[in-house]
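As you go down the protein sequences, you meet chains A and B in turn.
The numbering used here puts the first sequence at residues 1015 to 1476.
The numbering used here puts the second sequence at residues 1015 to 1476.
2 protein chains.
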Amino acid sequence: MFKKDVYIERRNRLREKMSGGLVLLPGNVDAPMNYPDNTYHFRQDSTFLYFFGINKPGLFGVIDVDEGTDMLFGNDVDIDDIIWMGPQPTLREQAAQVGVKCTDSFNEVYAYVNKALWQGRRVHFVPPYRANNRLLLKELLGIHTAKLPDYVSLELIKHVVDMRSVKDQYEIAEIEKACATGYEMHVTAMKMAKEGESEQKIAGIIEGIALGGGGGVSFPVILSQHGETLHNHDHSLKLKKGMLMLTDAGAETGMGYASDFTRTVPVGGKFTQKQKDIYEIVLAANNESTAMVKPGIRYLDVHLNAARVITSGLKDLGLIKGDVDEAVRHGAHALFMPHGLGHMMGLDVHDMEDYGQVYVGYDDETRPMERLGAAGLRLGRRLQEGFVLTNEPGIYFIPALIEKWKKDYINTQYINFDKVMEYADFGGIRLEDDLLVTAEGARILGKRLPITPDEVEETMRG
Amino acid sequence: MFKKDVYIERRNRLREKMSGGLVLLPGNVDAPMNYPDNTYHFRQDSTFLYFFGINKPGLFGVIDVDEGTDMLFGNDVDIDDIIWMGPQPTLREQAAQVGVKCTDSFNEVYAYVNKALWQGRRVHFVPPYRANNRLLLKELLGIHTAKLPDYVSLELIKHVVDMRSVKDQYEIAEIEKACATGYEMHVTAMKMAKEGESEQKIAGIIEGIALGGGGGVSFPVILSQHGETLHNHDHSLKLKKGMLMLTDAGAETGMGYASDFTRTVPVGGKFTQKQKDIYEIVLAANNESTAMVKPGIRYLDVHLNAARVITSGLKDLGLIKGDVDEAVRHGAHALFMPHGLGHMMGLDVHDMEDYGQVYVGYDDETRPMERLGAAGLRLGRRLQEGFVLTNEPGIYFIPALIEKWKKDYINTQYINFDKVMEYADFGGIRLEDDLLVTAEGARILGKRLPITPDEVEETMRG
Ligand SMILES: [Mn+2]
Ligand SMILES: [Mn+2]
């Protein structure tokens, strides 16, 4: 938890931005796995964490814009809870640590919100993503769960996005902690990537390192020799010589801040020339993107430049033909990189994705593009100092997608399908770093993971 | 997944037991952590797994008792899903693997159930423990979420408990796999339990081993020098010499079967005499309990015997006074062991706890006792061959509980509070094995973890 002035200042800043009303911030509860008392690791709601900082289940925060007050609703523990969970600070004590003076038991939130509605006051909330909070908001507001999206406060989303997009020094320090754990995870995975080892075991061990760091993984580990499957959570294979192992994984700190790195390494520790050819293109796209990032540039343009680097590299290898700029305009690169260059990162690994991508990654100036290869871009808007984002170009050979493009004659003037088929079992390569936008440019967060083929091979040698 | 005949036979057996109607078995969906697409490790619903065996989200099973048919509702993937998640078998292919011939898209379940209700057919379901399935059942059945518990089918619960309580050979083999992973977790924790090591790190590493085994932990790891806090998920301390580290942890297989072990070891590898005195009492209670377990015995009686062993041992040490049987009758041992001796284990670590403890651990003959020290007993009923259960006696010194008993004059005739205060910072010891009830007695599942002080000290020496 940061010191309490941070939270007081954040709530006051939000109040100044808002036109009026009540801001409802339901915290998360423990999520059951297979029966009510057997729960997943607790994950607090990020918006609640940002404004109230308490990493405990069963709380409800209210920021009253009109009255200038903050409220926390929650229940204190009884003697049975102490036997099972140990002594706990009271709600009042916890609230005091984040500068909140008014507390009440959880059930009082119903009367409190009801009174506000009765008074005709505006009530603001962001989209609830957990079923239990959808039910809670339905009970509080009398809005059918399916209709809740229609009542979400765009005013609240806009102001919170403005605030959370720019990270302060405490947040950057937390993200760097998450990066340090992520570094250890990836180096461990590299060293374990020997022939015959099981993907599942490596994925488990590196998740264990994340948990040991205090927070757990920032998203389910992707670790696979089928890197062409972008979110591959199947880890059932043993490592085979000649294959590439793609690991996309990051950690969360105890306060919820994320890291997110991807590296792709040759099983056994030595790249083939064919692998190195593709790898160097992805690496060039990564390096050029970092070099371009600075305040004022649109990330959509950085993305399109990475697409050009990839298209040009693949043209040199004979997989793409024709004019590079034209090919990118037609989205030919999207056969090989069907995702965007990156996303905002902070308290969520895809920061604020619960509010809706269009409110976070785009703005009035830069709108999402439907164009092939840019539709999947989570972040397109102009960057500002203090933004934290990922830079994760990739090249993949996805059999189902190649087949579809061939069948539907998509971009046949730019794709050399015969040559592409020589890579049918290649897999995929992605290289991802986390960047902080500085006054002058960009800084890679954390110690940079081994990334050149030489660095990777040296790390894998031990 | 077991072979399809197992699932066909289970569904047919349930049909034979049921008086009629439709059995609704909603599977689980992915549970969001901090936004809709960032989800926890998928955990299938255990009842669904037992009857339909498919470990994938977004399915709904129906067992039609009257018509003798089975249905699976779910959606096939499209090209976008393939790009992100890789090629997937169709619902029809998955259904065929578990002997189900009728499949339809998920949304058809609404019309299907609606028709059955229209026809006046009885619809059976077990208590939904996830908010999204409460919402789903509300939509399907038109019952307010808060009223769903009133409509749960006790007939279904009773028959499923009868079936799932007795484990077949395939299930026992799975549980032994979970035990093998649990063994590795605990031995790793023992070896790591050196002065200065962080609890969080050990807890993380052993969870990583569970994940590497294919399923993850069967419940959140309990690992603490405050073993007196029974479900201690706070791992924020560094290990200190002279303390005991209690680890209660188990693994799940990829098919959902659990293990659940507890060991308590001295930080640094050497028990003090004071620790050994208490440890040997808990060990005796554990060993005597295993020796008593056999078909036909009530687990309540095994529990009460363990209470006598503990009371008698603590009397020898001067912490308890007076007649042992009388003291147990008055629940004096409950100051030191405020929980029950064990619980059923299978597809859930507390098997079928979602149905309600009274339906699983008790029966018409053996009813739950309100008596001090037995109220927390999850399993009291007469045992049968094929039951799998835990044996987990413990002795704890819980400052808040000691204070409460002193203040309220509870069992003052049996408790020597002055002597007890000498153990105020002792912590707690629990020793837990998993037992299979055999024709003759009981078998400890998996290779037994080091348990005598000598075995533990030797393991910790490396
Ligand atoms: Mn990423
Ligand atoms: Mn247990």
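Glycine residues also receive a C-beta, built at the ideal position from the N, C-alpha and C atoms.
- The region 1310-1324 of chain B makes contact with the region 1345-1359 of chain B; the number of CB pairs closer than 8 angstroms reaches 3 or more.
- Minimum Cα-Cα distance from Asp1365(B) among the listed residues Leu1333(B), Glu1384(B), Thr1404(B) corresponds to Thr1404(B).
- A Cβ-Cβ distance of about 21 angstroms is found for the pair Ile1292(A) and Ile1424(A), leaving them out of contact under the 8 angstroms criterion.
- Look at Glu1198(B) here: in three-state DSSP terms it is helix.
- An exposed status is given to Gln1427(B), since fewer than 16 other beta-carbon atoms sit within 10 Å of its beta-carbon.
- Not one beta carbon of chain B lies nearer than 8 angstroms to the beta carbon of Lys1191(A).
- Taking a C-beta cut-off of 9 angstroms against chain A, the contacting residues of the region 1349-1381 of chain B are Pro1352, His1353, Leu1361, Asp1362, Val1363, His1364, Met1366, Glu1367, Asp1368, Tyr1369, listed in chain order.
- Annotation for Ile1077(A): the continuous beta strand (DSSP E) segment containing it runs 1074-1078.
- Gly1228(A) is the residue among Gln1239(A), Gly1228(A), Ala1130(A) whose C-alpha sits nearest the C-alpha of His1247(B).
- Taking all protein chains in view, the Cβ of Ile1093(A) is surrounded by fewer than 16 other Cβ atoms within 10 Å, so the residue is classified as exposed.
- A check of alpha carbon separations from Met1257(B) across Met1269(B), Gly1282(B), Arg1277(B), Lys1161(B) identifies Gly1282(B) as the nearest.
- In the DSSP assignment, Tyr1049(A) falls within the unbroken beta strand (DSSP E) covering 1046-1049.
- DSSP places Arg1277(A) inside the beta strand (DSSP E), whose first and last residues are 1275-1280.
- Thr1404(A) has its Cβ nearer than 7 angstroms to a heavy atom of ligand 1.
- Secondary structure note for Asp1164(A): its alpha helix (DSSP H) is the uninterrupted segment 1162-1165.
- Per DSSP, Arg1457(A) lies in no alpha helix (DSSP H); the unbroken beta strand (DSSP E) holding it starts and ends at 1456-1458.
- Cβ contact annotation for Glu1399(B) (same chain, cutoff 6 angstroms, sequence separation greater than five): Pro1309, Val1451, Ala1453, in chain order.
- In this structure, DSSP gives Glu1379(B) a state outside helix and strand, which the three-state scheme calls coil.
- Runs of beta strand (DSSP E) with 3 or more residues, each lying fully within the region 1168-1256 of chain B, are found at 1236-1238, listed in chain order.
- Contact between the region 1232-1239 of chain B and the region 1288-1302 of chain B is absent, with fewer than three C-beta pairs closer than 8 angstroms.
- Going by beta carbons, Phe1275(A) and Asp1078(A) fall outside the 8 angstroms limit.
- The alpha helix (DSSP H) runs of length 4 or more contained entirely in the region 1371-1426 of chain B are, from start to end of the chain, 1371-1374, 1413-1421.
- The three-state reading of DSSP puts Thr1061(B) in helix, counting H, G and I together.
- Going by beta carbons, Val1235(B) and Met1474(B) fall outside the 8 angstroms limit.
- Glu1081(B) has its Cβ no nearer than 7 angstroms to any heavy atom of ligand 2.
- Asp1051(A) sits away from Pro1071(A), with the two beta carbons spaced by 8 angstroms or more.
- Rounded to the nearest angstrom, the gap between the Cα atoms of Lys1329(A) and Val1363(A) is 33 angstroms.
- Going by C-alpha positions, Leu1154(A) is about 6 angstroms away from Tyr1124(A).
- The region 1207-1219 of chain A and the region 1167-1182 of chain A do not touch, with fewer than 3 CB-CB distances between them shorter than 8 angstroms.
- Under the Cβ distance rule, Lys1215(B) counts among the residues neighbouring chain A, one pair being separated by less than 8 angstroms.
- With a contact defined as Cβ atoms closer than 8 angstroms, Asn1042(B) and Gln1058(B) qualify at about 6 angstroms.
- Distance from Phe1350(B) to Ile1324(B) at the Cβ level is roughly 6 angstroms; contact confirmed, criterion being Cβ atoms closer than 8 angstroms.
- Cys1193(B) sits close to Leu1459(B), with the two beta carbons spaced by under 8 angstroms.
- Under the three-state reduction of DSSP output, Ala1263(A) falls in the strand class.
- For the pair Val1402(A) and Thr1195(A), the Cα-to-Cα distance works out to about 17 angstroms.
- Interface flag for Gly1336(A) against chain B is unset, since no Cβ pair is found closer than 8 angstroms.
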